[in-house]
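>
2 protein chains.
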Amino acid sequence: MFRTLKRILIGAPLHSEYLVREKLPKWKALAIFSSDALSSVAYGPEQIIIVLMAAGTFLYGYAGPIALAILALLAVVAISYAQVARANPGGGGSYSVARNNLGETVALLAAASLFIDYTLTVAVSISSGTDAIVSAFPLLIPYHIAIDLGVLFGVLMLINLRGVRESSTVFVFPTYSFIIGIIIMIGIGLYLVFTGRQPAIPAASLQFAWSGPALFVILRAFASGCSSMTGVEAISNGVPMFKPPEVSNARKTTFIMALVLGVMFGGIAFLILHYHFLPQPNQTMLSQLAGSVLGHSWGYYYIQITTMLILYLAANTSYNGLPPLLSLLARDGYMPRYLAARGDRLVFSSGIVLLSVVSAVFIIAFQGSTDHLIALYALGVFISFTIAQTGMVIHWRREKGTGWHFRALINTIGAVTTAVVVVIIAITKFIYGAWLVAILIPLLIATFKTIHQHYLNMREQLRLPRESYGGGSWKQAPGRNLVLVPIAGVNRVVENTLTYAKMISPHVTALYVGAEEAGIQEIREKWQRWKTDIELIVRYSPYRTILEPVVDYVDQMRRERQPGDFITVLIPEFETRKWWHRLLHNQTGWFLRTYFIFHQDVVVSVVPFRLQK
Amino acid sequence: MFRTLKRILIGAPLHSEYLVREKLPKWKALAIFSSDALSSVAYGPEQIIIVLMAAGTFLYGYAGPIALAILALLAVVAISYAQVARANPGGGGSYSVARNNLGETVALLAAASLFIDYTLTVAVSISSGTDAIVSAFPLLIPYHIAIDLGVLFGVLMLINLRGVRESSTVFVFPTYSFIIGIIIMIGIGLYLVFTGRQPAIPAASLQFAWSGPALFVILRAFASGCSSMTGVEAISNGVPMFKPPEVSNARKTTFIMALVLGVMFGGIAFLILHYHFLPQPNQTMLSQLAGSVLGHSWGYYYIQITTMLILYLAANTSYNGLPPLLSLLARDGYMPRYLAARGDRLVFSSGIVLLSVVSAVFIIAFQGSTDHLIALYALGVFISFTIAQTGMVIHWRREKGTGWHFRALINTIGAVTTAVVVVIIAITKFIYGAWLVAILIPLLIATFKTIHQHYLNMREQLRLPRESYGGGSWKQAPGRNLVLVPIAGVNRVVENTLTYAKMISPHVTALYVGAEEAGIQEIREKWQRWKTDIELIVRYSPYRTILEPVVDYVDQMRRERQPGDFITVLIPEFETRKWWHRLLHNQTGWFLRTYFIFHQDVVVSVVPFRLQK
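First to last, the sequence lines map onto chains U and R.
Under my numbering, think of the first position of the first sequence as 214, with each following residue one higher.
Under my numbering, think of the first position of the second sequence as 214, with each following residue one higher.
Set out below in structure tokens:
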């Protein structure tokens with residue numbers, strides 16, 4: 214039943230040989246990797262204005278310069294990241310860069326930052342996508358979180374568990390539809406601006422609150438706007454998923470993406486500022502802009518729906534980014550090993566599920582509010598930007614290939630710029646949510662290190678000593694196998710178990726625990742008449758429990774055993790033909806089995822006896 | 214943790230020797246066994262009038278004669294049941310009587326009827342007890358079902374799991390308080406009647422609906438009134454719980470109970486009818502009566518609270534009746550054996566839990582409505598009355614002791630009378646709920662018989678053949694032990710497991726399942742260098758699952774084995790020192806273990822290897 218459902222939802226398992234074919238051409242890779250960056254134009258410009266407006270309209274004029282600063286930053290980051298793709302064809306982005314160039318702790322700092330940012334990308338993009346659709350259809354306002362979670366688990370998680378190639382085909386169309394729609398809208402908007410026509414601007418009521426000195430507010434607006442930049446690194450983390458030549462294709466795609474992002478961000482920011490839009494609850498600024506420029510025509514709904522789709526697709530970017538990163542971490546022993554294993558459909562299933570669950574926690578904790586989630590966002594991204602760029606500088610200095618001075622200079626500029634942004638974000642957004650990230654990052658790093666230590670310890674303990682393994686001589690250790698068979702009577706189940714016991718060891722003891730004197734006497738007599746050569750131990754249990762006397766006896770055996778001895782507890786069990794027959798029998802066997810498997814270093818054997826009727 | 218909580222709620226385990234002391238003196242037994250019968254005066258008279266009133270006020274006058282008929286029936290049943298106690302000192306009531314005198318099917322009919330009635334007693338008494346308190350405190354009306362379930366699980370079940378003696382001490386006080394209160398109220402009421410004073414009668418608005426011919430309605434009113442009689446049999450079912458001389462004490466207690474019940478039922482019915490009370494929603498008639506006679510003084514609250522307490526106590530009667538009955542059924546093989554076992558506190562814990570759960574189902578299904586539950590009630594009781602009395606007639610005829618003619622005559626009258634009542638209840642209440650009982654009783658009987666057949670089948674299959682058991686010669690069966698060790702690498706865990714494997718059998722095979730060619734090649738080389746004499750089988754798993762290739766290989770072993778051969782699957786497992794370490798390892802071992810324990814007739818052995826760090 215479960216298996217059938219799984220087949221329907223996830224698809225039939227894929228043969229390992231299929232793996233090599235799971236590669237993406239440029240135009241598909243652009244759709245998959247760039248949606249995060251591109252979609253952020255849906256909330257990025259708005260976040261700048263929301264922060265500025267909280268202090269009052271007098272700062273509105275700073276929005277333009279802030280937008281320009283962000284565009285400049287985008288150029289720096291994009292150029293820097295094209296270098297990362299060149300130097301790290303294995304993928305993994307800033308984690309790989311740091312691991313190769315900056316050492317373990319910095320690499321883990323990058324990994325922790327990326328982990329938080331990938332999960333926040335899912336949370337922010339989904340809640341923002343739902344904002345877009347809720348803006349167009351206000352009836353849906355009360356179902357915001359339900360829609361978020363439905364999209365997260367019902368669509369994204371399932372599609373990704375099915376496998377990456379299918380997801381790319383599903384998702385290519387909306388990205389291009391969105392780009393085309395937004396660019397046409399910007400074109401119409403600019404035409405209206407330059408022909409001097411003024412569209413209808415919705416009124417807005419604002420509440421102002423003092424929120425710090427003007428410079429602080431301006432920097433915070435810049436920090437919030439930087440959320441538009443998340444996702445630029447996605448391509449360099451996914452280099453191995455490109456068709457060959459991977460590096461060249463990845464670099465080209467990075468530049469195309471940065472260009473498209475710059476045009477859309479700049480255009481939207483210009484129009485919003487030109488028309489003096491103000492933030493409104495339950496209505497995004499992009500929705501206001503589209504409604505004003507295009508009227509409430511089908512064009513408006515086209516923009517809203519493609520915006521929603523590309524935002525959900527942006528969430529999908531994390532599914533292409535985090536599971537491979539987790540698999541790298543798992544391979545290096547910083548996360549549970551099974552995160553490195555590909556599932557039925559050749560994707561990293563455990564990582565996909567983990568990402569979905571953590572993102573859901575963020576969405577629920579922040580009640581699906583994009584504004585509140587944005588406060589946590591971007592810090593992690595810029596930390597990993599800085600680490601990646603710094604790593605690259607060291608990489609070029611070490612390699613000293615053609616033109617390394619120039620390359621190192623580009624990355625130095627990138628590293629310094631992004632480091633400054635990290636400081637700005639950390640300071641201005643600290644009380645608004647960055648403190649949570651500041652707690653989570655060290656916590657994650659500590660977790661990675663603890664897991665790593667556990668694997669190291671285990672490896673050491675499991676390694677065979679040199680003489681037995683390398684020396685090529687298997688030595689059978691001496692020792693006895695002391696077998697205990699708890700019995701509840703004299704019958705064929707017990708006979709079967711004792712037959713097995715005698716087959717595996719000459720040291721067999723049977724143990725009967727009785728709550729009544731009469732039963733004990735009866736079993737003694739039966740045993741004597743049976744004339745086995747097996748010793749029967751009898752224990753009286755005045756409190757009518759079976760488990761404790763058996764455990765006590767096993768403890769005694771453990772105290773008396775010699776080095777090399779194994780203790781085996783054989784549990785006689787009969788298999789009933791119908792499931793409900795199980796309910797008719799007491800579960801002592803199950804209790805004994807479970808107890809000994811979990812509590813003591815004894816071998817637990819379940820010896821079945823199948824009932825025919 | 215769970216164990217500590219259990220100790221606090223249930224108490225420390227009791228030694229088996231303590232059992233003999235768990236006996237009740239008469240005055241305590243009266244409180245425990247009679248509360249069911251006595252408490253029914255809280256709803257019995259009311260049920261007569263509700264049924265009559267549904268047809269219109271013109272039938273009100275029949276209430277008096279119906280009440281008298283019920284009193285007469287009570288006398289017959291009480292006298293008959295005193296005989297049952299005499300003949301069945303072992304307890305078990307009509308089930309025991311029928312089993313000894315009328316054969317299996319009738320005994321099971323009695324058991325099924327009793328089962329339904331005990332559970333309904335709990336449901337009716339609890340919901341009626343809550344009615345009493347809700348009548349006095351209307352604020353509680355919306356919490357009716359929550360109160361019901363709280364009392365059921367939080368009070369009754371826990372107290373009974375603690376043990377019967379403690380419950381008797383807890384519950385003696387309310388029974389006597391109730392009896393005294395009701396009798397004083399009746400006295401004051403009668404005084405008012407004979408001094409001609411008229412208390413204030415609350416107004417009532419009634420809705421009439423045609424509900425059949427007058428005779429039918431009258432008989433149905435009688436049938437509903439018969440619900441007052443449930444519980445009269447409780448004493449004869451609990452004979453072994455009396456202090457010696459058990460039979461004499463039980464008979465005396467039966468008569469005392471019948472007398473008290475008659476006085477209270479008669480008095481309440483007389484006053485209600487004299488003052489012409491009418492049914493009201495959320496206000497019981499006893500509450501109306503107490504309010505009118507005593508005013509809304511502390512006396513009124515005393516009556517309501519003691520009524521509530523005795524009704525909850527009546528529910529408790531079933532806890533003294535059903536678990537021992539279930540244990541008799543379990544001992545005879547009609548119910549799961551473990552219902553016959555006494556728990557930590559020497560009570561039949563499983564039966565107590567079962568009763569609580571089934572009663573909760575009734576309460577929830579009928580939304581805690583006493584009126585609706587009453588429709589199902591009484592049919593089962595009167596069926597078991599009839600069976601018990603018929604069984605007694607046969608018993609006396611067989612025994613032919615002193616005065617057997619007279620004794621048989623009494624029970625014949627009892628049997629005929631109660632049989633007539635069964636027919637009346639079945640016909641008049643069929644569409645109102647008795648149909649459900651008519652379905653449940655055959656279903657229960659079929660269940661009893663199916664369980665019995667299973668135990669018979671099993672016993673036959675488990676019994677050792679005469680020659681090996683009685684003949685006194687244990688024969689070790691021939692056969693090999695074919696051992697399979699699934700391995701995931703070459704390390705100390707595997708070394709440990711293989712050492713054990715070689716200890717228990719010369720036929721050991723190791724199986725490695727690999728998803729990658731490289732891994733397979735590596736393991737082959739390591740194995741060769743290791744130079745064990747154990748054969749290594751390697752399977753390539755293109756779909757990356759481990760379980761299926763192992764299962765396939767075991768299937769192959771099963772097909773190739775010879776009679777008498779055992780197949781053992783050894784699962785290497787390492788025990789981690791901290792619980793969360795478990796999360797860091799894949800659960801393949803657990804999957805293999807669980808699969809083979811549930812699916813195949815192979816021995817499953819878990820060989821632990823303890824990690825030190």
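The C-beta atom is built at its ideal place from N, Cα and C for all residues, glycine as well.
Given the structure is predicted, the values throughout are model-derived calculations rather than measurements.
Kindly identify the DSSP beta-bridge partner or partners of asparagine 704 (chain R).
None; asparagine 704 (chain R) has no bridge partner.
> At the level of alpha carbons, what is the spacing between glycine 683 (chain R) and phenylalanine 822 (chain U)?
With a pLDDT of 49 at glycine 683 (chain R), under the threshold of 50, the modelled position of that residue is not reliable, and the figure given next carries that caveat. Those two C-alpha atoms are separated by around 22 angstroms.
> Considering Cα atoms alone, identify which of R:Ser340, R:Met442, R:Leu251 and R:His489 is closest to tyrosine 273 (chain R).
Answer by Cα proximity: R:His489.
> Which of the three DSSP states, helix, strand or coil, is assigned to glutamine 580 (chain U)?
Three-state DSSP puts glutamine 580 (chain U) in coil, outside helix and strand.
> Does any CB atom of chain U fall closer than 8 angstroms to the CB of phenylalanine 779 (chain R)?
Yes, phenylalanine 779 (chain R) lies at the interface with chain U (some Cβ there is under 8 angstroms from its Cβ).
> Rank R:Val707, R:Val476, R:Ala280 and R:Ala471 by C-alpha distance to the C-alpha of arginine 676 (chain U) and give the top, closest one.
Ranking the options by Cα distance to arginine 676 (chain U), first place goes to R:Val707.
> Could you please give the first and the last residue of the uninterrupted alpha helix (DSSP H) stretch that includes glutamate 459 (chain R)?
It spans 459-488 - the alpha helix (DSSP H) in which glutamate 459 (chain R) sits, taken as one unbroken run.
> Rounded to a whole number of angstroms, what is the C-alpha to C-alpha distance between methionine 605 (chain R) and valine 476 (chain R)?
About 28 angstroms.
> Does the beta carbon of glycine 683 (chain U) sit closer than 8 angstroms to a beta carbon anywhere in chain R?
Residue confidence for glycine 683 (chain U) is low, a pLDDT of 49 falling below 50, so the modelled location carries little weight; the figure read from the coordinates is stated next. Taking Cβ atoms only, chain R reaches closer than 8 angstroms to glycine 683 (chain U), which makes this a yes.
> Smallest Cα separation from alanine 690 (chain R): which of U:Tyr713, U:Tyr515 and U:Asn704?
Per the Cα distances, U:Tyr713.
> Interface residues of chain U around proline 226 (chain R) at Cβ under 7 angstroms?
Neighbours of proline 226 (chain R) on chain U, chain order: Tyr756.
> Would you decide whether leucine 491 (chain R) is buried or exposed? Buried here means 16 or more other CB atoms lie within 10 Å of its CB.
Classification for leucine 491 (chain R): buried.
> How is the alpha helix (DSSP H) around alanine 647 (chain U) delimited, first residue to last?
It spans 647-675 - the alpha helix (DSSP H) in which alanine 647 (chain U) sits, taken as one unbroken run.
> Excluding sequence positions up to five away, which residues of its chain have a Cβ less than 6 angstroms from the Cβ of threonine 217 (chain U)?
So the list is empty, once near-sequence residues are dropped.
> Which bits of chain U does proline 492 (chain R) rub up against, with CB to CB less than 9 angstroms?
Here the premise fails: no neighbours, minimum Cβ distance about 44 angstroms.
> Inspect the beta-carbon positions of isoleucine 784 (chain R) and valine 726 (chain R) and report whether they are closer than 8 angstroms.
No, these two residues do not count as a Cβ contact at 8 angstroms.
> Glycine 564 (chain U) CB to nearest chain R CB: under 8 angstroms?
Closer than 8 angstroms: no.
> Using CA atoms only, rank isn't needed, just tell me which of U:Tyr753, U:Phe478 and U:Pro776 is closest to aspartate 765 (chain U).
When only C-alpha atoms are compared, the closest one is U:Tyr753.
> What does a CB cutoff of less than 8 angstroms around glutamine 775 (chain U) pick up in its chain, not counting 5 residues either side in sequence?
So the list reads Gly692 and Arg693, once near-sequence residues are dropped.
> Report the residue from R:Val763, R:Asn495 and R:Ile565 whose alpha carbon sits nearest the alpha carbon of serine 355 (chain R).
The identity of residue 355 (chain R) in the sequence shown is proline, whereas the question assumes serine. Here the closest residue by C-alpha is R:Asn495.
> Using 10 angstroms around the beta-carbon of lysine 688 (chain U), count the other beta-carbons present and answer buried if the total reaches 16, otherwise exposed.
Exposed.
> Which of the three DSSP states, helix, strand or coil, is assigned to histidine 812 (chain U)?
Correct three-state label for histidine 812 (chain U): helix.
> Here's a check: name, in chain order, each residue in its chain whose Cβ is nearer than 7 angstroms to the Cβ of proline 762 (chain U), leaving out the five neighbours to either side.
Cβ within range, chain order: Val726, Arg752 and Ser754.
> Which residue from R:Phe579, R:Thr631 and R:Asp545 puts its Cα closest to that of tyrosine 668 (chain R)?
Cα-wise, what sits closest to tyrosine 668 (chain R) is R:Asp545.
> I need the straight-line Cα distance from leucine 559 (chain U) to serine 531 (chain U), nearest angstrom please.
Those two C-alpha atoms are separated by around 17 angstroms.
> Leaving out the 5 sequence neighbours to the left and right, which residues in its chain are closer than 6 angstroms to asparagine 709 (chain R) when beta-carbon positions are compared?
So the list reads Phe822, once near-sequence residues are dropped.
> Buried or exposed, going by whether 16 or more other CB atoms sit within 10 Å of the CB of aspartate 746 (chain U)?
Exposed.
> Considering just the uninterrupted stretch of the beta strand (DSSP E) at isoleucine 784 (chain R), what are its terminal residues?
Here the beta strand (DSSP E) through isoleucine 784 (chain R) covers 779-788.
> Would you mind sorting glycine 451 (chain U) into buried or exposed? The rule is 16 or more other CB atoms within 10 Å of its CB.
By the neighbour-count rule (16 or more Cβ atoms within 10 Å), glycine 451 (chain U) is buried.
> Restricting to Cα atoms, I'd like to know which of R:Ile485, R:Ala282 and R:Ala573 is closest to methionine 370 (chain R).
Answer by Cα proximity: R:Ala573.
> With a threshold of 8 angstroms on Cβ separation, who are the neighbours of arginine 299 (chain R) within its own chain once the five nearest residues in sequence on each side are excluded?
Closer than 8 angstroms at the Cβ level, and outside the excluded window around arginine 299 (chain R), lie Val460 and Arg464.
> Suppose you measure from the CA of tyrosine 294 (chain U) to the CA of proline 549 (chain U); what does that come to, to the nearest Å?
Between tyrosine 294 (chain U) and proline 549 (chain U), the C-alpha separation is close to 29 angstroms.
> Chain U partners of asparagine 694 (chain R), CB-CB under 9 angstroms?
Within chain U, the residues near asparagine 694 (chain R) are Tyr713, Met716 and Ile717.
> By how many angstroms is the C-alpha of alanine 447 (chain R) removed from the C-alpha of glycine 534 (chain R)?
Roughly 7 angstroms separates the two Cα atoms.
> If you measure beta-carbon to beta-carbon, which residues of the segment 662-677 of chain U are closer than 7 angstroms to chain R?
So the list reads Ile664, His667, Asn670, Met671, Gln674, Leu675, Arg676 and Leu677, given in the order they occur along the chain.
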